[in-house]
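There are 2 protein chains.
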Amino acid sequence: MTPFVYRCTDCGRTYSRDEVRYLCPTCGESYRPGIPLTGVLEAVFDYPAIHGRFQPGRPDWGLFCAVEDRYHPPLPVGNTPMARLDRTAAELGLGTLWVKNDGLNPSGSLKDRASFLVAAEAARLGIDLIVAASTGNAASALAAVCASTGQKALIFVPEKAPKAKLVQMVLYGATVVPVKGTYDDAFRLSLDYTAKRGGLNRNTAYHPLTLEGKKTAGLEIWAQAGFRVPDAIFVSVGDGVILGGVAKAFLDLNRAGLIDRLPRLIGVQADTSDAIHRYVETGVYSDAANPTTRADSISVTCPSNAHGARRAILESGGLTLTVTDEEILSAQATLASRSGIFTEPAGATAFAGLLKLQASSRALPADASAVILATGNGLKDVEAPLSRISIPPAVEPVLEALSL
Amino acid sequence: MTPFVYRCTDCGRTYSRDEVRYLCPTCGESYRPGIPLTGVLEAVFDYPAIHGRFQPGRPDWGLFCAVEDRYHPPLPVGNTPMARLDRTAAELGLGTLWVKNDGLNPSGSLKDRASFLVAAEAARLGIDLIVAASTGNAASALAAVCASTGQKALIFVPEKAPKAKLVQMVLYGATVVPVKGTYDDAFRLSLDYTAKRGGLNRNTAYHPLTLEGKKTAGLEIWAQAGFRVPDAIFVSVGDGVILGGVAKAFLDLNRAGLIDRLPRLIGVQADTSDAIHRYVETGVYSDAANPTTRADSISVTCPSNAHGARRAILESGGLTLTVTDEEILSAQATLASRSGIFTEPAGATAFAGLLKLQASSRALPADASAVILATGNGLKDVEAPLSRISIPPAVEPVLEALSL
Chain A
747 MTPFVYRCTD CGRTYSRDEV RYLCPTCGES YRPGIPLTGV LEAVFDYPAI HGRFQPGRPD
807 WGLFCAVEDR YHPPLPVGNT PMARLDRTAA ELGLGTLWVK NDGLNPSGSL KDRASFLVAA
867 EAARLGIDLI VAASTGNAAS ALAAVCASTG QKALIFVPEK APKAKLVQMV LYGATVVPVK
927 GTYDDAFRLS LDYTAKRGGL NRNTAYHPLT LEGKKTAGLE IWAQAGFRVP DAIFVSVGDG
987 VILGGVAKAF LDLNRAGLID RLPRLIGVQA DTSDAIHRYV ETGVYSDAAN PTTRADSISV
1047 TCPSNAHGAR RAILESGGLT LTVTDEEILS AQATLASRSG IFTEPAGATA FAGLLKLQAS
1107 SRALPADASA VILATGNGLK DVEAPLSRIS IPPAVEPVLE ALSL
Chain B
747 MTPFVYRCTD CGRTYSRDEV RYLCPTCGES YRPGIPLTGV LEAVFDYPAI HGRFQPGRPD
807 WGLFCAVEDR YHPPLPVGNT PMARLDRTAA ELGLGTLWVK NDGLNPSGSL KDRASFLVAA
867 EAARLGIDLI VAASTGNAAS ALAAVCASTG QKALIFVPEK APKAKLVQMV LYGATVVPVK
927 GTYDDAFRLS LDYTAKRGGL NRNTAYHPLT LEGKKTAGLE IWAQAGFRVP DAIFVSVGDG
987 VILGGVAKAF LDLNRAGLID RLPRLIGVQA DTSDAIHRYV ETGVYSDAAN PTTRADSISV
1047 TCPSNAHGAR RAILESGGLT LTVTDEEILS AQATLASRSG IFTEPAGATA FAGLLKLQAS
1107 SRALPADASA VILATGNGLK DVEAPLSRIS IPPAVEPVLE ALSL
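Residue numbers (this note's numbering), protein chains in the order written: chain A, 747 to 1150; chain B, 747 to 1150.
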C-alpha cells in the first residue's frame, strides 16, 4: 500500500480517504435515472514513492494498492493467465494478440478484483455489511469474497440475471434480492438502501475502490506483455468501469514513470446498449433506451462511469465500436475454437470488436500488439451459445455406429 | 524436461518412450468390462539430475515434465490458486486447511493438465487426432487444449453428461459423440476407435502421460504449502487417476530427494460409485454395479486406475471413505459459503470426506495440515445445487418492498 488521496474527476478537489466515502461532496449528485454519476473519485498515489520502490524484475503490486494488506480477504483473486494467440494474430493482420482470461477468477469474472478491494476497505472501516447492485457478476464476486471473510453481502439483481449467476450468489451465502426492472433500478435501490439503512455500498464507480480493484487487471496485462505497453486493449463496455480500471492502471504506471505512453483503449458495446459509444462519438450523453443484448453483463441503460470511460478512451487515442448480438455470439464461438478460452457473451464482445475493427478501414497496423480482455467465464451462461450449436444425437457404443 | 523411461507398474519392465505407447506389452490386457487396466506405465525420471538442478527458491517445474517445452500447447494450464481457510480449519480441529482450486483451469477442471501433456506428446509424435472417452471434464479439457493447438479432438461422452460440459466441448470445436450407456461404454468405444481407426488415445491411465499431467497439481500443492508436505490430501476418486497423479508428484519429489515423507492420501468416493473404496478396504476388486451419483465426474463402474490408486493410498498410509449425494451437495454449499470457492459436486466430494472423517474416531489430529483438491468448477453443473437452494421471488424496486 502507498499513501493516496481521493481526487474528484470533475472539480479536482482532493480528500483524505477518511473524509469521503463515495462521491465528491461538491460534484456528486445523488443518482437519478438518465444521469451518469458525477463527482466520481480517483485515488491519486504518492507516485515518486512508487517509482523509487518498484522493480519490474520482482514486481510488488502492493505499491499500487489502496488498502493495507492486513485487511485483504483470504480468497486469492486475480493473477489470471494471458494466452498468446499467434495463429489468430496472423489471420487478423496483427503482430501479437493476447487474451487476458479473467473468467478464471474464483467467481468467474473480473469483478472479483473490485469486490476484493471493497471488502478489504469494509474490513478497515469495521463495516460488516456490503451492499451491491449488479447484473450478476459483481454480485457473485461480492458474495464469493464475503464468503471467504465472513462479511455479509446484500445483493440487488435484475430478475432476469442468468440462473448460474443466481445459483452462485445464493450458494455463497449472500442475501439475494431479485428486483423487478432493469439493472439501473437495482442500482438505485441499492443506493437508497445504504443511504437509509446502512452498510458499505460496493456499486461500481460509486465506490471509488471498485475502479482501483479493476485496475489490477491492467497492471497484470502490462507485466504479462513483458512489462511493455500493448498498442491496443479491447474492453467490453457496459457501465464503463472495467475500462476505467484498465485505463487507471496505465495512468498510474505512467505517473510513476514506469511507462512513457498509454495503450489505445478500444471500448466495445452491444448495439442495443450503446450509451457510451454514442457519448464518445457525439460528445452528447443520452441513455440507451432499451438495452436488450444477450450479453447481460454489459446491458445498461445509464452507465455509471460514462464520463470517466469517455475521458479515458479519448485520452488514450482510442475509440468505441458497437457489435450486434449475432456478432457477439459468433465471436464467442470463434474465440473458443481458436484459443480454448470460453468466455461469456460480454467477454466475447471485446473480441467481436477486434474482428470488426480489423475488417474496417480503421484496422490496427500489421505490427500492432493487441489484448482482448475476456471479462467473464462462458460457463456462467451456457444457454447463450446453445442457440447457435447443436449437440449430436447419442449413438450405440459400437464402432459400426460411427460414420467417422 | 528430464530424461525418463516408462516402467510397468505390474511387472517392473522398463521401456523407452518410443517403444511403447499405452500399456505394458506384457501385462496390459485389452480393456474388458469389469477389469481395471493392468500394465499401466509410470514415467521414471533421472532423479539425480532433478536433484542437482531443482532450486525451491526458483522452482523449474519443467524438470518434472515428460515432454519437451517446444511441443507444449499455447493455452496456459495449471498454476491455480490454493486458498487457506483458517476459520474452517479451526472449526474442524485442524492446524491448517487449504483448498486447491483446480476449477480455475481454462476449461474448468484439473483435467486440462492431462490434456495439455498428451496434446504435447501428440505434437511430438506428429499425430493430429486425439481421441478420448470422458464423463465430461476430460473431454472439455481435450477440446480446449486442441482448440489452442489446432489439433483435432474426437470425444466419446455418456449421453447424460451435464449440458454445460457438452456446450463447452462443441463450442471448442471438438467432434463430440454422445454414447448410449455409461462412461465405461464410452471408454471401451474410444479404445476400439484408436486401435482400428487411428489417432492418439488420451484415455485416463491408459495413456501414461495423463498421470504425469495430473501430477503437476501435486507439485503445485507442495510449493503452495511453502515447499512442505501436507499431512493429508483429500481427493475425490472416480477412475483414480487424479489421486494417482497427486501421488506421483510426491513420489517424484521423494525420489529426487526433495522431500522425506509422503502425504496421506484420502480417497473419497460417492457411495454408489465405490469400487476403489471397497478394493482398498477388502483387497478384492469388484465393479460398482450401478453408479448413480449426482457427482457425474466420479461416476464410474470400473475405475481404470483401480490398482494404481489402491497402491498409492496404501503406500501413503492413507485411507478411503464414501459419502452420500446428500453429503456431497451439503459439502458443496458449506465450502462455497465458507471459502468463496464454488466447486462441482465431484470436487466437493473431497470436502465431504474431510467433514466425515473429522466427525469420526479416525479424525486427523489438531495440528494436522490438510489439502482439499477441488477438481472442477461449480459452474459446470448449476443444476446440482439448484435442488437444495431457492432463488427468492423478485420485488418492486422500492425500499419499502424490503423486509431487510
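Positions of the beta carbon are idealized from the N, C-alpha and C atoms, including for glycine.
Leu840 (chain B) sits in coil when the DSSP states are folded into three classes, being neither helix nor strand. Distances from the alpha-carbon of Ala1035 (chain B) to those of B:Leu912, B:Thr1095, B:Asp1020 and B:Ala971 put B:Asp1020 closest.
For Asp756 (chain B), the CB contacts under 7 Å within the same chain, skipping 5 residues up- and downstream, are Cys770, Cys773, Thr784 and Gly785 in chain order. For the region 934-954 of chain A, the beta-carbon criterion of a distance under 8 Å to any beta-carbon of chain B is satisfied by Arg934, Leu935, Asp938, Tyr939, Lys942 and Arg943. Contact between the region 907-924 of chain B and the region 884-893 of chain B is present, with at least three C-beta pairs closer than 8 Å. Residues of chain B whose Cβ lies closer than 8 Å to the Cβ of Pro976 (chain A) do not exist, since the nearest Cβ in that chain is about 17 Å away.
Closer than 8 Å to the CB of Gly841 (chain B) there is not a single CB belonging to chain A. Taking C-alpha positions only, Pro1111 (chain A) is separated from Trp844 (chain B) by approximately 47 Å. Relative to the Cα of Leu1011 (chain A), the nearest Cα in the group A:Asp792, A:Ile876, A:Gly1064 and A:Asp938 belongs to A:Gly1064. Under the three-state reduction of DSSP output, His1053 (chain A) falls in the helix class. Measuring C-alpha to C-alpha distances from Thr1080 (chain A) to each of A:Thr1068, A:Leu787, A:Ala1096 and A:Gly798 identifies A:Ala1096 as the nearest.
Of all alpha-carbon atoms in A:Arg778, A:Ala1098 and A:Leu1060, the one lying nearest the alpha-carbon of Glu1072 (chain A) is that of A:Ala1098. Closest in C-alpha terms to Leu809 (chain B), from the list B:Ala829, B:Glu837 and B:Ala995, comes B:Ala995. Below the 7 Å Cβ cutoff, chain A contributes Glu905, Pro924, Val925 and Lys926 as neighbours of Ala1140 (chain B), in chain order.
Proximity of chain B to Arg830 (chain A) at the Cβ level (cut-off 8 Å) is accounted for by Pro820, in chain order.
Proximity of the region 788-795 of chain A to the region 748-762 of chain A meets the contact definition, three or more beta-carbon pairs being nearer than 8 Å. Between Thr1068 (chain A) and Ala1092 (chain A), the C-beta spacing is not below 8 Å. Counting along the chain, no alpha helix (DSSP H) covers Arg753 (chain B); the unbroken beta strand (DSSP E) around it starts and ends at Phe750 to Cys754. Residue pairing by DSSP places Pro779 (chain B) in no beta bridge whatsoever. Closer than 8 Å to the CB of Asp985 (chain A) there is not a single CB belonging to chain B. Contact of Gln801 (chain B) with chain A by beta-carbon distance below 8 Å is absent, the smallest such distance being about 16 Å. A buried status is given to Ser1050 (chain A), since no fewer than 16 other beta-carbon atoms sit within 10 Å of its beta-carbon. The region 840-858 of chain A makes no contact with the region 861-877 of chain B, as fewer than three CB pairs between them are under 8 Å. Counting C-beta atoms within 10 angstroms of its own C-beta, Val1144 (chain B) has fewer than 16 neighbours from the protein chains shown and is therefore classed as exposed. Of all residues in the region 1072-1098 of chain A, those with a C-beta nearer than 8 Å to a C-beta of chain B are Gln1078, Ala1079, Ala1082, Ser1083, Arg1084, Ser1085, Gly1086, Ile1087 and Phe1088, reading in chain order.
Uninterrupted beta strand (DSSP E) stretches at least 3 residues long and entirely within the region 1104-1128 of chain B occur at 1115-1120, given in chain order. Looking at the backbone, the Cα of Ala835 (chain A) and that of His1023 (chain A) are separated by about 26 Å. Within a 10 Å sphere around the beta-carbon of Glu765 (chain A) sit fewer than 16 other beta-carbons, which makes this residue exposed.
DSSP places Lys909 (chain A) inside the alpha helix (DSSP H), whose first and last residues are Lys909 to Leu917. Comparing C-alpha distances from Lys909 (chain B) to each of A:Ser1133, A:Arg816, A:Ser1083 and A:Leu957 shows the shortest one belongs to A:Ser1133. By the neighbour-count definition (other C-beta atoms within 10 Å, threshold 16), Gln801 (chain A) is an exposed residue. Taking a beta-carbon distance threshold of 8 Å, Val916 (chain A) counts as an interface residue toward chain B. The beta carbon of Arg1040 (chain B) lies closer than 6 Å to those of Asp1071, Pro1091 and Ala1130 in the same chain, with the five residues before and after it left out. Distance check between Val1117 (chain A) and each of A:Asp977, A:Ile1135 and A:Pro805 places A:Asp977 closest, using alpha-carbon atoms only. Between Pro852 (chain B) and Val877 (chain B), the gap from beta carbon to beta carbon reaches 8 Å or more. Within its own chain, the residues whose Cβ lies closer than 7 Å to the Cβ of Thr956 (chain B), once the five positions on either side in sequence are excluded, are Ala860, Val864, Arg948, Thr950 and Val987, listed in chain order.
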